[in-house]
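Participant: In my numbering, each number is its position in the sequence shown, counted from 1, plus 344.
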Amino acid sequence: MCICSLRGHTRVVSDTHFHRQDHNLIATCSIDTFTYLWDLRDTRKPVVSLSAVAGASQVQWNKVASHLVATAHDGDIKIWDYRKNSAPLHYISAHLCKIHGVDWSPHHEYQLVTSSHDGSIKYFDIHSARKPENVIMTNFPVWRAIYTPFGSGLLTIGVGWGGLPRVEQAGVIGIWIGGTLTHRLVGHTDTVQTMVWRPNTLPSNYQLVTWGRDQTLRLWTMHPSLLKMCSHYLPDDIENDDNNSDTSYASTVSSMNDLSVCDSKGH
Numbered sequence: 345m346c347i348c349s350l351r352g353h354t355r356v357v358s359d360t361h362f363h364r365q366d367h368n369l370i371a372t373c374s375i376d377t378f379t380y381l382w383d384l385r386d387t388r389k390p391v392v393s394l395s396a397v398a399g400a401s402q403v404q405w406n407k408v409a410s411h412l413v414a415t416a417h418d419g420d421i422k423i424w425d426y427r428k429n430s431a432p433l434h435y436i437s438a439h440l441c442k443i444h445g446v447d448w449s450p451h452h453e454y455q456l457v458t459s460s461h462d463g464s465i466k467y468f469d470i471h472s473a474r475k476p477e478n479v480i481m482t483n484f485p486v487w488r489a490i491y492t493p494f495g496s497g498l499l500t501i502g503v504g505w506g507g508l509p510r511v512e513q514a515g516v517i518g519i520w521i522g523g524t525l526t527h528r529l530v531g532h533t534d535t536v537q538t539m540v541w542r543p544n545t546l547p548s549n550y551q552l553v554t555w556g557r558d559q560t561l562r563l564w565t566m567h568p569s570l571l572k573m574c575s576h577y578l579p580d581d582i583e584n585d586d587n588n589s590d591t592s593y594a595s596t597v598s599s600m601n602d603l604s605v606c607d608s609k610g611h
């Protein structure tokens, strides 16, 4: 059942993102050059309109500073303070090709990561954005790159994994630690379209939710050994359980729970 409908954009909506702290706020962006911030308690019109010259493909609320919003426009990033919506605070010329993904750091309010069709992943501090703090070069277009909510890891969705048959490339999620690809999450049989972290309150219970073109929703539980590799602190009892385990965490792992969605014909 649809609880509300947001009408404002004149072209296709390219991205949406809920506010991390205030779940009544949602941001939408479009190729019509506008980014709208909506309050779901009154959906008659957006509470804030952010206007750019080029259309926006991505919008992301800051995970630490609740007033900051990032938008992606072709190969550029704009940083906005929605309390002062007349012009962006910062402008980052990040990539020569289209940006497919933007993600804010869960730990530092001025740091974000971008992923692009040019095959690069770049880390930026928005206050010194003339040059990225770090760059990871891959041999495939990177559709998404998101921080792990624990430690210092990064997850990516891409096309092509260097040497893997193409049928195996489509559903692979990469885990990067210190700029190195250390693990692959394998399970989807077609392209992974999105991935998000489930909210959690325990220091050892991190789960990733993914959705793919294979019409399957997958739930991945992060093993304690991976958390430690990302320099994430674990309680002593969790570490002891991990050390006493007879199973090792392989470099290629599969999801723990799947949910397949059938079409109207039952396929």
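We put the beta carbon where it would ideally sit given N, CA and C, even for glycine.
Quick check on this structure: which residue in 384, 450, 366 and 356 has the alpha carbon closest to the alpha carbon of residue 346?
Facilitator: 384
Participant: In three-state DSSP terms, what is residue 417?
Facilitator: strand
Participant: Check whether the Cβ atoms of residue 389 and residue 352 sit closer than 9 Å, and answer yes or no.
Facilitator: yes
Participant: Grab me the residues of residue 420's own chain with a C-beta within less than 6 Å of its C-beta, minus the 5 sequence neighbours each way, in chain order.
Facilitator: 437
Participant: Out of 559, 519 and 521, which one is the CA nearest neighbour of residue 534?
Facilitator: 559
Participant: Check whether the Cβ of residue 563 lies closer than 9 Å to any Cβ atom in chain B.
Facilitator: Judged by its chain identifiers, the structure shown contains no chain B, having just a single protein chain.
Participant: When the Cα atoms are used, what is the spatial distance from residue 523 to residue 439?
Facilitator: 18 Å
Participant: Among the residues of its own chain, which have a CB less than 6 Å from the CB of residue 490, if the five just before and after it don't count?
Facilitator: 447 and 499
Participant: Going by C-alpha to C-alpha distance, which of 527, 493 and 392 sits closest to residue 369?
Facilitator: Nearest C-alpha to residue 369: 392.
Participant: Could you give the residue range of the alpha helix (DSSP H) that holds residue 573?
Facilitator: Residues 568 to 573.
Participant: Where does residue 401 fall in DSSP's three states?
Facilitator: coil
Participant: I'd like the span of the beta strand (DSSP E) that includes residue 468, first residue to last.
Facilitator: From DSSP, the beta strand (DSSP E) with residue 468 extends over 464 to 469.
Participant: Cα separation between residue 515 and residue 563?
Facilitator: 14 Å
Participant: Taking residue 540 as part of the beta strand (DSSP E), name the residues at either end of that continuous run.
Facilitator: 536 to 541
Participant: Taking only three categories from DSSP, how would you classify residue 349?
Facilitator: Correct three-state label for residue 349: coil.
Participant: Would you kindly check if the distance between the Cβ of residue 409 and the Cβ of residue 477 is under 9 Å?
Facilitator: no
Participant: What number of angstroms, rounded off, separates the C-alpha of residue 400 from the C-alpha of residue 544?
Facilitator: 31 Å
Participant: Does DSSP put residue 449 in a helix, a strand or coil?
Facilitator: Looking at residue 449 - three-state DSSP - the assignment turns out to be coil, as it is neither helix nor strand.
Participant: Check whether the Cβ atoms of residue 497 and residue 520 sit closer than 9 Å, and answer yes or no.
Facilitator: yes
Participant: Measuring alpha carbon to alpha carbon, tell me which of 471, 461, 364 and 463 ends up nearest residue 404.
Facilitator: 364
Participant: What do you reckon, are the CB atoms on residue 377 and residue 397 nearer than 9 Å?
Facilitator: yes
Participant: Among the candidates 418, 479 and 426, whose CA atom is the shortest distance from the CA of residue 469?
Facilitator: 479
Participant: Consult DSSP for residue 430 and reduce its assignment to one of helix, strand or coil.
Facilitator: coil
Participant: Looking at residue 415 and residue 394, is the spacing between their C-beta atoms short of 9 Å?
Facilitator: yes
Participant: Output the distance between the C-alpha atoms of residue 474 and residue 501, rounded to the nearest integer angstrom.
Facilitator: 26 Å
Participant: Can you give the Cα-Cα distance for residue 386 and residue 450, rounded to whole angstroms?
Facilitator: 29 Å
Participant: To which residues of the same chain is residue 359 closer than 6 Å at the C-beta, ignoring the five residues directly before and after it?
Facilitator: In the same chain as residue 359, and ignoring 5 residues on each side of it, the C-beta atoms closer than 6 Å to its own belong to 373, 402 and 403, in chain order.
Participant: Could you name the residues of the same chain whose beta carbon sits closer than 8 Å to that of residue 551, not counting the 5 residues immediately before and after it, in chain order?
Facilitator: 541, 542, 544, 563, 564, 565 and 566
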